[in-house]
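Novice: Protein chains in written order, with my numbering: chain A, 158 to 607; chain B, 5 to 388.
Glycine is no exception: its CB is placed at the ideal position from the N, C-alpha and C atoms.
First the structure, then my questions, so here it is.
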Amino acid sequence: MSAGIRTRRGATINLVGEAEKILSVANPSKTFALKPDNFFGLVPRLMVKEGEKVAQGSPVFHSKTDSRIVFVSPVSGEVKAVVRGAKRKILEIVIEAKNGDAVVHEVPAAKALDRETVRNILLKSGAWPFIRQRPYGVLAEPDIVPKAIYVSTYASAPLDVDYWFLLKNNLEDFQNGIDVLNHLSDVPVKLSVEANFLLDFESIKGVDKLPIDGPHPAGNVSVQIHNHSPLNMGEKVWEVRPEDVANIGKLFSNGVFSAQRTIAVAGQSVLQPQYVKSIIGAHLSSLFEISGIDNTLQNRVINGDVLTGKAVALDGYLDYFNNLVTVIPEGNQYRMFGWLPFMDNKIPSLSKTSLSWLFGRKGYRTDTNMNGEERAFVVTGEMEKVFPMDIYPMQLIKACMAGDIEKMEALGIYEVIPEDFGLIDYANTSKIEAQEIIKEGIELMIKEVG
Amino acid sequence: MSFLRKKLDDLKRPFGKGQKWERFAPAINAFDTFLFVPNHTTRTGAHIRDAVDLKRTMVTVIIALMPALIYGIYNTGYQYYIQTGESFTFLDAFLHGSWKIVPMIVVSYVVGLTIEFIFAVYRGHEVNEGYLVTGLLIPMIMPVDIPLWMVAISVAFAVLIAKEAFGGTGMNILNPALTARAFAFFAYPTYMSGNKVWVSEASNLDAISGETILGTLAAGGNVNYSFFEMFQGSIPGSIAETSAFFVLIGAVILIATGVGSWRIMLGSVLGAALVGFLFNLWGANALMSFSWVNHLVVGGFAFGVVFMATDPVSAAQTNKGKWVYGILVGVFCILIRVFNPAYPEGVMLAILLMNVFAPTIDHYVIQGNINKRKKRWAAALKTA
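Encoded structure:
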C-alpha cells in the first residue's frame with residue numbers, strides 16, 4: 158500500500174436523486190450504438206457496411222493511426238445505420254440486436270500469459286480501447302510499457318457511483334483483470350480506494366493500493382497521479398475504469414469480449430434512482446423503463462456526471478465509458494433580480510455571496526441554467542480553490558486560449574485532461590468554459606507536438 | 005413578473021438576430037439582464053453552474069462601499085457646518101452632503117456608462133459590470149469641491165485610456181478609478197490639494213478652509229485631531245476615505261463574502277505598519293514621527309487598501325503574489341508619504357505603481373512553479 162493522498166481543495170456537491178443501492182437488470186435493448194467520439198483523438202475507419210451482419214465481438218471500426226486497435230460490436234446483430242454529421246464525420250454506428258454467435262478468442266492458461274500475448278488478445282478482442290493513456294486521455298499506444306496503470310474506485314463527482322456496490326458480485330473477474338493488467342506494466346496496478354472504505358477491496362491482491370481522502374475532484378485519476386507520482390515530460394501512464402477491469406477479466410476467462418455496463422441512473426428528474434445492469438451502447442429507454450423519468454419536466458439527459466458528462470437525447474444511447482446517467486431539469490427560465498447577493502439560495506453555490514450552504518443537507522435541486530452570462534476573467538483565486546494540483550489553472554487556461562504551446566507545456570498541460578476542469582466550469586464567476594478551452598488546448602498539443 | 009417579462013420580450017424583438025437594431029442588442033441586453041438573470045442554459049462544459057456571476061460580485065462590492073459612502077456624505081455636511089458655525093442636525097449634514105455628492109455620482113455614471121455602452125455596441129460584446137463599481141469609486145475618492153466637469157473629464161480619461169484602450173473590463177493594467185484620480189491630481193493640482201478643496205464650499209467662501217492631516221504634516225504643521233477622530237473619520241479629506249471605521253465594515257463584507265482578497269488587505273497593513281514603525285524609530289521629521297498606528301487610519305490608506313488594491317484585475321493574481329503585492333503597496337504608501345511632501349497622499353501612487361508591477365510579481369511566482377516542474381522532468385530523465 159502506498160502512502161495516502163489527502164486533498165483539501167475541491168467541493169463535493171450534494172445533489173438530490175442519488176441512485177439507491179438496488180440492482181435491476183435492464184430488458185435487452187433492441188438497438189445499440191458505438192460512437193467514435195467517445196474516444197478522444199480517435200479518427201475511425203469503418204470496417205462494416207449498413208446491413209452487414211456482425212457477431213458479438215466482431216470489429217466495427219478501427220483507428221486510422223493504428224489499425225490494430227479495433228472497436229467491436231457489443232452484441233450480435235446487424236448494422237442498421239451509420240449516422241454521419243458535418244463533413245461526413247461518423248457520429249454513431251447503430252446496431253440492431255439479433256440472436257447470433259459471439260467471437261471466441263483462444264486464451265492461454267493464466268500461468269502461460271506474458272506481456273506479448275496479453276497485448277495481442279486485448280487488441281484482437283477489441284478490449285484495448287478500455288485502456289486510456291495520459292497525457293491527454295487518448296487511446297493507449299500498444300507498443301509502450303506505461304510507467305503505471307491506475308484504476309480509481311473512488312468516484313467523487315456529484316451523484317457518482319459506488320464502485321464497491323457495482324463490483325462486489327464480480328470480484329473474481331475484477332481480480333482476474335488486475336492480474337492480466339499487471340502483465341502490461343513493470344509495477345503493480347495502482348488501485349485507488351476511498352480512504353474510509355479501504356477494507357472493501359481488501360481481498361484484491363497484486364495491487365498497490367492508494368487511499369484517497371478528499372472532496373471532488375480527488376476521485377479523478379489526474380489528481381491521484383499528480384499527488385502520487387506526477388507525470389513528467391515523455392512519461393506515459395494508463396488508466397482503466399473499474400468495471401472494464403472486470404470486463405477484461407471476463408474476456409480472459411471465457412475468451413468472449415465482455416461489454417458489461419452497470420449504470421447508476423440518477424438525478425432530480427429520475428423517479429426511482431437506482432443501479433441498472435446493461436451493456437455498452439444500449440438504448441437509454443431500456444434504462445428509463447426501470448427507473449422512470451418525470452416527464453412533466455423538460456429534462457436534460459447526461460451520459461456521465463453533471464460536471465463532465467455529455468448531453469444526449471432522451472432516445473439516445475449510452476456512451477462507452479460512463480457508469481452514470483444523470484437526468485436533471487433544463488433551466489430555461491428567467492429569475493428576476495437573481496444576481497443580487499443572497500438571492501435564490503436554493504441554487505448550490507461555492508461562493509459566500511449565497512447562503513446556499515445552509516440548504517444543502519438534504520441535497521440541492523438544480524437545473525442547467527447558466528446563472529449569469531459569460532464575461533472576461535475578473536475574479537482571481539477561485540479556480541485554485543477547486544483544483545487540488547500544484548498547477549495554476551487560470552494561467553494554464555489562458556495559455557491554451559493563446560495557443561502558446563511552450564507555456565502550456567511548462568504550466569502542466571501533460572498532467573490534466575478536460576474533466577479535471579469540471580468544477581472550474583461550475584464555480585467560476587465569469588462562466589468561462591474551461592473544459593472546452595483545455596480540450597482545444599490538448600487537441601493543439603496533439604497536432605503540434607504529438 | 006410574467007407580464008413584465010412579456011413586455012420586455014416584445015421590446016427586445018427589434019434587437020434580435022437579423023432584425024433592424026441587432027447592432028444595439030448589447031445595450032438593451034444590459035437593461036434586460038439587470039432585471040432578470042437570463043434563461044440561457046449550459047451548452048458545453050459543466051451542465052450545472054454556480055449561482056455566482058460577475059453582476060453579483062460587483063454588487064457585493066457596491067454594498068460594501070455603502071457604509072463609507074453614507075458616512076462620507078454625512079461628513080461632508082459636518083465639516084461644512086462646523087466651519088460656518090451654524091447649528092445643524094444629522095439630517096442637515098446629510099442633505100448638504102447629498103446635494104454636493106449625488107451630482108458627482110450621477111455625472112460619473114452617466115459619462116462612464118455612456119462610453120461603456122458605446123464600446124459594447126462597437127465591439128459587439130455585452131456591457132460588463134465593472135463600471136458599476138468604478139463609477140461609484142471615482143466620486144468617493146475626489147475632493148468634495150472639485151467641479152463636475154473635471155469629474156466628467158477624469159472619468160472619460162480613465163474609461164477610455166485606462167480601460168477600453170486595453171480591451172475593456174478584465175484587461176486593464178491600472179485600476180481605472182485610481183487612474184481617474186491620478187489624472188485629476190496631475191491635471192488640476194489646485195483642485196486636488198491645498199486647504200481650499202477638502203471642505204464643502206471652501207473654494208467659494210473665504211471663511212472656510214481645511215487641510216488634510218497628511219497635508220498639514222507635510223507642511224510641518226501640528227495635528228490637533230485625536231486618534232479616535234481619525235479612526236471614526238470626522239476629519240477633512242476625500243469624500244469617502246476619511247472613516248477607517250466604516251471602511252473596515254466594508255472590508256469585513258468583502259472578506260466574509262470572499263469577494264475581496266484578505267491576503268492583499270492584511271499584507272498592506274503589515275507592510276505599512278512595519279515601515280511606519282521603522283520611521284517612528286528614525287523620527288527625522290513630522291511625518292516620520294507620526295505614529296505608525298495613525299498612519300493606518302489617516303488619509304486614503306484604509307480606503308485604498310480595501311477597495312482599490314484588491315481590484316482583482318489590476319492586482320497580482322496568484323495567492324503568493326497577492327502577499328508580495330499587498331506588502332509592497334503598504335511599504336510604498338508610507339515611503340511616498342514620508343519622503344515626498346509634494347504628494348502627501350501616498351496610497352494612490354503606491355497602488356498604481358504596484359498595479360504596474362503586479363504582472364511581474366505573478367511572473368516570478370509562476371516561473372517558480374514552472375521551474376519546479378522542469379526540475380522534476382530533469383530528475384526523471386536522469387534516473388530513467
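Give the straight-line distance between the Cα atoms of A:G488 and B:A55, rounded to the nearest whole angstrom.
Specialist: 12 Å
Novice: If B:V131 and B:A124 are in contact, beta carbons under 8 Å, what's the gap, nearest whole angstrom?
Specialist: 4 Å
Novice: In chain A, which residues lie with their C-beta within 9 Å of the C-beta of B:R9?
Specialist: Y491, M493
Novice: From the DSSP output, read off the bridge partner residues of A:I595.
Specialist: Answer is none; A:I595 lacks a bridge partner.
Novice: Given that B:G17 touches chain A, what residues does it touch there, using C-beta distances under 9 Å?
Specialist: The amino acid occupying residue 17 of chain B in the given sequence is Arg; Gly does not appear at that position. Ordered by position in chain A, no residue passes the 9 Å Cβ test against B:R17, which lies about 16 Å from the chain.
Novice: Contact check, A:M565 vs A:H383 under 8 Å by CB: the rounded distance?
Specialist: The pair is not a contact, with the Cβ atoms about 16 Å apart (cut-off 8 Å).
Novice: Excluding sequence positions up to five away, which residues of its chain have a Cβ less than 6 Å from the Cβ of A:F358?
Specialist: V350
Novice: How is the beta strand (DSSP E) around A:L180 delimited, first residue to last?
Specialist: 177-182
Novice: Return the first residue and the last residue of the alpha helix (DSSP H) that A:E400 is part of.
Specialist: The continuous alpha helix (DSSP H) containing A:E400 extends over residues 399-411.
Novice: Measuring only the C-alpha atoms, how far is A:E605 from A:Y293?
Specialist: 13 Å
Novice: Could you check where the alpha helix (DSSP H) with B:A29 kicks off and where it finishes?
Specialist: 29-39
Novice: What residue range is occupied by the uninterrupted beta strand (DSSP E) comprising A:S386?
Specialist: Looking at the DSSP string, A:S386 is not in any beta strand (DSSP E), and its letter there is neither H nor E.
Novice: What residues of chain A sit near B:K59, judged by a beta carbon separation below 8 Å?
Specialist: By Cβ distance, chain A contributes W496, G529.
Novice: Could you name the residues of the region 514-546 of chain A whose beta carbon sits closer than 7 Å to any beta carbon of chain B, in the order they occur along the chain?
Specialist: T523, T525, N526, M527, N528, G529, E530, R532, A533, F534, V535, V536, T537, G538, E541
Novice: Could you tell me which uninterrupted beta strand (DSSP E) segments, each at least 3 residues in length, are contained entirely in the region 324-386 of chain A, listed from first to last along the chain?
Specialist: Runs of the beta strand (DSSP E) inside the region 324-386 of chain A: 346-351, 364-370.
Novice: Assign A:L515 to buried or exposed, taking buried as 16 or more other Cβ atoms, counted over all protein chains shown, within 10 Å of its Cβ.
Specialist: exposed
Novice: Would you call the region 553-573 of chain A in contact with the region 190-198 of chain A, where contact means no fewer than 3 C-beta pairs closer than 8 Å?
Specialist: no
Novice: Given A:R241, which residues of its chain have a CB within under 7 Å of its CB, disregarding the five upstream and five downstream residues?
Specialist: I247, L248
Novice: Tell me which residue opens and which closes the beta strand (DSSP E) that B:S207 is part of.
Specialist: No beta strand (DSSP E) contains B:S207, which DSSP labels as neither H nor E.
Novice: Leaving aside the five residues before and after A:A238 along the sequence, list all residues of the same chain whose C-beta is less than 7 Å from its C-beta, in chain order.
Specialist: E207, V251
Novice: Can you confirm whether the region 455-463 of chain A touches the region 498-508 of chain A when touching is taken to mean that 3 or more C-beta pairs between the two stretches lie within less than 8 Å?
Specialist: no
Novice: Identify the contact partners of B:E130 in chain A, using a Cβ-Cβ distance below 7 Å as the criterion.
Specialist: E530
Novice: Chain A partners of B:W381, CB-CB under 7 Å?
Specialist: Per Cβ cutoff of 7 Å: N389, M390.
Novice: Assign A:I485 to one of three DSSP states: helix, strand, or coil.
Specialist: strand
Novice: Fully enclosed by the region 430-482 of chain A, which alpha helix (DSSP H) runs are 4 residues long or longer?
Specialist: 442-448
Novice: Which bits of chain A does B:P316 rub up against, with CB to CB less than 7 Å?
Specialist: V535, V536, T537
Novice: Is it the case that the Cβ atoms of A:G161 and A:A352 are separated by a distance below 7 Å?
Specialist: yes
Novice: Would A:L408 and A:A284 be called neighbours here (beta carbons separated by less than 7 Å)?
Specialist: yes
Novice: Cβ of A:A176 versus every heavy atom of the ligand COA: is any distance shorter than 6 Å?
Specialist: As far as ligands go, the structure on display features none, and thus does not contain the ligand COA.
Novice: Closer than 8 Å by C-beta to A:N195: which residues in its own chain qualify, once you throw out the five before and the five after it? Chain order, please.
Specialist: D476, Y477, F478
Novice: I'd like to know if the region 298-313 of chain B and the region 217-224 of chain B are in contact, where contact means that at least 3 CB-CB pairs between them fall below 8 Å.
Specialist: yes
Novice: Under DSSP, the beta strand (DSSP E) around A:Y307 begins and ends at which residues?
Specialist: 306-309
Novice: Does the structure place the region 221-230 of chain B close enough to the region 88-105 of chain B that three or more beta carbon pairs sit under 8 Å?
Specialist: no
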